[in-house]
Every structure is written in structure tokens, then in C-alpha cells.
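These notes concern the structure reproduced below.
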Amino acid sequence: MASLQPRLATGASYVLVLLLLTLGLLSTPVAADGRGMLGLGKWLYKPFCAHACRGVIGSSKLTCDPKVAINGSTTSSSTDSHVHSKRHTHEVLNTEECYLQDAAFLRTLALCIAERCPRDDDIGVSVIEDYWAGHVATGSVGNWDLVPLMSYQDALRYAHEDVQEVGEDKMPLALAMSSIFLPVLLSLLRFLPGRPLWYSRLVNLLEKPLVGHRHRTPIVADLGIMPTRGQSLYLVYLITTQVFLSIFPLVWISPNSFAATRVEHYMMVIGDRSGVTCMANFVALFLFSSRNNALLWITNWSHATFLLIHRWIGYCLIFEVSIHSLLLFILHLNFYGDHPTESKMPYWIWGIVGTLALIFLWPASILPVRKKAYEFFLVFHQIFAALSLIATFLHIYYLFEYNWGYEIWVYIAGGIWFLDRVIRVARMVSNGYRTAAVSAIDNDAEYLRVDIDGIAAEGHVYLYFPTLSWKFWENHPYSVLSSFTGGTSAKAGDPVSRDQEKVSTTTDSISETSLDATIRPHTTLLVRTMDGFTKALTTRLLASTSRRITIPVIVESSYHANPAIRNLSHCSSLLCIAGGVGITAVLPLLKGFSGVHSRLEWGVRGESLVHALEPELTALTRGAGAAVVNTSIGQRLKIVDIVREELEKESDKGDLGIVVCGPNSMADDVRAVVAELGPKAKRGIVFVDEAFSW
């Protein structure tokens, strides 16, 4: 027993020592997760979601350039995908310092954790931040002495900015959609019940030119058209969004695997964004220029307005593609140092072709060229627009293939162009191959009459004379007055005069005794001789001894270029002011007007047109709802007095419709009077400028 007691004492001592050691271990921190042993104060892979993200992302090759300074942060990442492909890889394993310093790795890890960990209810921000402080570099076993370049919150903030900019985020889609649907939203105002007076006054105020009083008359040596105030508001929005989305937000993150300096990074961002913005403009650019623009049916904006916006979008596009090409050229020449090799690559060559094609479009499309050589402008415009589209697609394909979806913008633009041509052909095929009879109205053949049998049209039509010259594709628009088929007058369409050359009418010079007989549709056009298309037609006519010729014609119909005419249905009285052959565009409105009072003021240089349209003018003054017709030969109309007289009539309290179709100066005078008197008038005004300019 005596010998047993020392042994028990010794065993108790061992147990006591072991217990003390165990307690010491439990109370002493170790370089791992928690304190103690696994399952007792110590754990692995907590939180599991963060470790899972680290395990997947950490196996990637990282960019760890020690030359990149670690100097804090502000923001941004490149917005072009080809820059991302320039990130080089290492053949060695990622070091702990690399995990701590690689900004792209830290942002990606933070984004993954923020997306996955909130699904676990017991994981708070403090748990994630504790994980971030000790596990970014090491993985499973924490080391809080290895501090990452940026905190979890900073990395997450920068990651969200990256996500918003990768692939330009939704910026190009928002730009394209807003350009198209803003006219639709603004046009909804016309459905206000009762057309309140304040709306009419606002519209009349916006009809005034932005500067001066000329809108249809060219300004600055005939180089351009002054937009109205309403058009200018849309253009200001368009240009502002283009500039803002191409530049902002400008943010800088350092270290940056894309650019070593802030200047280089900003040049890269603006250059890339301007390229994407340029492609996003393709949709509105091609849609607004098409004859079969769906917005002409949806909105109350005229085709002339859409063409004006088309030109301004083209200016923005040319500027943006120039900025894109210039900045990327400077980057590759002065920063990347790879210009000698990159400039020989197919994507670079096609980028140059696309840029030059767009730049050359501008001088060949200015107003003097369109007026003096319209046929040349049309051919050049179509060829170089197609070339720029093809070059853009090849530039994208050779640089990205189909990885980033930029080519979809080209598909959409090409689809719009192709669909417009298909519809044009369908319209021509529906009318068939016809014969036109051309005769002179006056001795000098200043005005021509073109009769086409077998066609009933409304609105306006495009005529092709394939045998007039070798340029068989040439076509010009003309207005239509009305159509007859089966001896019954069809409903008058919405006529549009294109310019003083491009006006038409459908004749009803059929005797009353034959109205009950079966007749074929017959359309008559009154054309003023100008340069180009009609000059060639007049030359062939004058060469004929009978001063009457027949010539094959293809008719593309029917179109309605000014939906604003629909608003005349709200008016109780109608005032039409016409000049020259512009009379043919307002006659159907007067015939179909169902209001209380209508009036026509027509100024014309000679009597030939008056005699040619005498039956139509006489018919207007007879029967119920007869119109007041005043003709002024060789004298200017007193526009101000005419409009003021109609506005001040106390017998009519409803809205007054004012339609003008004539020379540019006449239309500008009427517009100026409406803009001056309309906001002060006690009755609403619906103003329609039945003019068209390319």
C-alpha cells in the first residue's frame, strides 16, 4: 500500500499537468481559424460560401506586375472587351502577395461573396469582413498579418462599377431605345382630351425656328437648315446623351491591369465608349432615313423632321467614330508600342475603312450637293453607307469574333435597310409596269402633266422612269390629290409636296355623264421642271413635235409623309395657303374638310396653272361647305393680314387649321406669323407645313 500511494500521486500529477496544458491551449491563440482544436473552438471553411468563391477564383492565373504602384484608389475599368484579352498569364503559381495586390482578383472575389453569402441567414457582414482580413491570401487557414490591398467594402464597390461597364452595360441599348421611343412618348400629348388651349400655344411656340425666322430657307451659305425650337429640344437631348455616355463616369482604380497611368486609362475608356456609342446610333440612323419608317404611322412627326434628326445623328456618329479611331491610334502608338504590328491586322485595316467611309459621307451629303447633284448624292450615300456597315462588321469580327455581341447592332441596321427595300419592291410590284403620258401645260413647258392609267393612290408616290436614262434607279416623290376607281371617288389621302418640282394630283376631269360608267383608276401629276430628273423629261418632251410623249413608268405607292394632317380633324375652320404647284397638295384637304368654314389663298406667277386647275377650283366654291377661294397672280400674299383675319373671326370659336405649301420663303413667313400670333390667340391653331426637304 505504501508503494501504491507514490504511484497514484505521480499519476495525478500527470493528469494535472495534461489538464493545465489543455487549458493553456484553449486559451492561447493560434495561427488558424479560432482557438483550440478542430471541433472545440476551431473550425474549417467558415463561412463556406466565401471559401467556395476563393477556391474557384483563386485557381485562375493572376496579373501580378510589381511595377504597378499601390497608391490608393478611385475608380474605373476599361469598357472594351479587347483590352481584357490583353491580360497576360504567368506560368508560375500565384503568390500570397499576388492575391493581396491583384485588384481584379479582389473585386471578383468580393462580388462572388456578396452574391452567394447572403443566401445563408447566419452570415453577417462582420463574418465576411473577418474572413476577408485573414483568408484572401492563404485560403483555408487564416493569417491576419497578410492585409489585402483594399477592404471588402471597397472591393465590392469597385466590382459593382466594373459590372456596370463591362460590355458597356446597358448604355448602348438605352441610347438606341431612347432615340427611337422618345418621339413616340412626346407624340402621346396629341391625345389630350379636348386639345386644351395651352397645348396649342405651346406647340405653336415650338414651331418657331431656334434662331431667326428661317426654317425651310437654308442658312449660312445654304449649308444647312435651322431646326425649330421643338426639333432643337430633341437634338439637345440627343447630343447631351451622346457626350455624357461617351465620357462619364470616369473612374480610376490602381493598381490597374489595363493601364499604367490615369491618362492612358481615360483615353482607353473614352475611345472604347465612343466606338460602342457609334454602333448604338446605327438603329435610329437607318430607321429615321427609311421611307417605311414605322414611326411615321405611330407619331405625328413628319418625314422631314425624321430626316433632319437622321442628319444630326450622322454628325454625332462621324464625330464619335473619329474620336474612337484617334484615341486608339494614340494609345497603340505612344502607350502600347505595338502600332507597327497592330496596324497590319485585319481588324485595324477594316476599322480604317469604316472610319474613312463615314467621314467621306459628310462632304458628299451637305445641302448644296443635295440641291445641285441629288442623283450623285443618292448613289454616293447608299454605297458609302453600305461600305461603312460592312467595314464595321468586319472590324468587330476580326477583333472579337462573336464573343461580345457588338455585331448585333450591325445586324439590326442592315435588317432595317433590307426590310425597307423589300417593302419598296413590294409596293412597286403591286402597281405593275405602267405607261405615263407626259404633256406640257404652258408654252415654255415649265409645268408638265403626267397621266398614269390603272393606278389608284393617295398621299404621295415615287416615280421611276427606267428608260429616261441609264440611271434606271432614280426616283422622285410626288403628291397625290385623289383617286378614282369604278367611277367613284376614293377617299382623299394625306398629300405632301416634296418641293416645287415634286407635286402631283389625281385628276377627276371626267364628265358627269360618264361617272356611272365603269372607269379605270387614273392618276394625274403636275410637275414643275427643275434640274436633273424633270429636266431630262422636259428635254425629251420638247423634242417631240406633238409636245406629248408616252414613257414607261414604275410607281411606288402609297406613302404619307406628314401624319400631322390627321390633327386637322379637330378643327372647325381651315385656312390653306399655297404657292405655285403647291396648290395640288392642299386641294384634297379642302375637298375632304368637314368643318364649318374653309378658305384658300393661292399665289401663282402665271395663269397657266390657274387655267389647268380651274375645274377643281370651281368645284370648291359650289355646294354645301363651299370654300372661299382667292387667287393672286404675280403678287405676294399678305400672310400676316390673312392669318390675323382668320384668327380674329368671332363667329368661329373652334381650332383653326393652317396648312401651307409653297416656296420656302412663303412657308417661313406663315410659320413666323403662327409662332407670333398663336401663343396669344384665343383659339387653338393646328399648323401643318406641307413641305419636304432632303
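Read left to right, the sequence shown gives residues -32 to -1, 1 to 662 (mature numbering (1 follows the signal peptide of the UniProt record, and there is no 0)).
Glycine included, every Cβ here is placed at the ideal spot set by N, Cα and C.
Quick caveat: nothing in here was measured; it's all calculated off a predicted structure.
Tyr370 - DSSP class collapsed to helix/strand/coil = coil
Three-state secondary structure assigned by DSSP to Lys54 = Confidence at Lys54 is low in this model, with a pLDDT of 36, below 50, so the placement of that residue is unreliable and no value is reported for it.
query = How do the segment 397 to 412 and the segment 511 to 521 stand: do at least 3 beta-carbon pairs fall below 8 Å, yes or no?
reply = yes
request  = Give, in chain order, every unbroken run of the alpha helix (DSSP H) that is at least 4 residues long and sits entirely within the segment 225 to 288.
outcome  = 230 to 248, 250 to 257 and 263 to 266
ask   = Are there three or more Cβ pairs, one per stretch, closer than 8 Å when the segment 354 to 370 is compared with the segment 313 to 321?
value = yes
query = Short check: CB of Val578 to CB of Ser541, under 7 Å?
reply = no
query = Beta-carbon separation of Ile148 and Ala248 under 7 Å?
reply = no
key: DSSP bridge partner residues for Thr491 (one or two, in chain order)   = Ile420
query = By a C-beta neighbour count over all protein chains shown, 10 Å radius and 16 as the cutoff for buried, is Lys176 buried or exposed?
reply = buried
request  = Give the DSSP bridge partners of Val523, in chain order.
outcome  = Leu431
message = With the cut-off set at 7 Å, would you say His490 and Asp421 are in Cβ contact?
response = yes
request  = Would you mind stating whether Ser526 and Ala425 have Cβ atoms separated by less than 7 Å?
outcome  = yes
message = Rounding to the nearest angstrom, what Cα-Cα distance links Val(-3) and Leu68 in this structure?
response = Because Val(-3) carries a pLDDT of 42, less than 50, the predicted location of this residue cannot be relied on, and the following value inherits that uncertainty. Whole-angstrom Cα-Cα distance: 22 Å.
query = Any idea if Thr492 is buried or exposed, counting beta-carbon neighbours within 10 angstroms, 16 or more meaning buried?
reply = buried
task = Let me know the alpha helix (DSSP H) ranges lying completely inside the segment 148 to 217, each 4 residues or longer, listed in chain order.
result = 165 to 174 and 197 to 215
key: Pro556, buried or exposed, once every other Cβ within 10 Å from all chains shown has been counted against 16   = buried
inquiry  = Taking the alpha-carbon of Asp637 as reference, which of Asp620, Phe655 and Leu624 has the nearest alpha-carbon?
reply    = Phe655
key: First through last residue of the alpha helix (DSSP H) which encompasses His19   = Phe16 to Ile25
request  = Figure out for me which residue from Ile610, Ile551 and Gly602 has the closest Cα to the Cα of Leu588.
outcome  = Ile551
request  = Count the C-beta pairs between the segment 628 to 645 and the segment 604 to 616 that are closer than 8 Å, then say yes if the count reaches three, no if not.
outcome  = yes
query = Taking just the CA atoms, how far does Gly383 sit from Arg163?
reply = 38 Å
Ala529 - DSSP class collapsed to helix/strand/coil = coil
ask   = Where in the segment 571 to 635 do unbroken runs of the alpha helix (DSSP H), each at least 4 residues long, occur, reported from the N-terminal end onward?
value = 576 to 580, 582 to 588 and 607 to 615
query = Do the segment 194 to 206 and the segment 227 to 235 meet, that is, are 3 or more Cβ pairs less than 8 Å apart?
reply = no
Integer Cβ distance of Trp100 from Pro116, believed to fall under 8 Å = 7 Å
task = Tell me whether Arg323 sits in a helix, a strand or coil according to DSSP, three-state version.
result = The sequence shown places Thr at residue 323, not Arg. Thr323: helix per DSSP, three-state reduction.
query = Grouping DSSP H, G and I as helix and E and B as strand, with all else coil, what is Val406?
reply = strand
query = For residue 666, which option in Tyr167, Ile286 and Ala394 has the closest C-alpha, if you only look at C-alpha atoms?
reply = Any question about residue 666 goes unanswered here, given that the chain covers just -32 to 662.
query = Does the distance from the C-beta atom of Val627 to that of Glu658 stay below 7 Å?
reply = yes
inquiry  = Beta-carbon within less than 7 Å of Ile334's beta-carbon, same chain only, minus the 5 sequence neighbours each way: which residues are those?
reply    = Leu191
ask   = Start and end of the alpha helix (DSSP H) containing His307?
value = His307 to Glu310
request  = Let me know the secondary structure DSSP gives Phe655 once reduced to three states.
outcome  = strand
request  = Could you say which of Val642, Thr586, Ile601 and Cys629 lies nearest to Glu613 if we only look at CA atoms?
outcome  = Val642
key: Whether His292 touches Gly239 by CB criterion (7 Å)   = yes
request  = Answer with buried or exposed for Ser537, where buried requires no fewer than 16 other C-beta atoms within 10 angstroms of its C-beta.
outcome  = exposed
query = Just curious, the alpha helix (DSSP H) that Cys66 is in, first and last residue?
reply = Glu64 to Gln69
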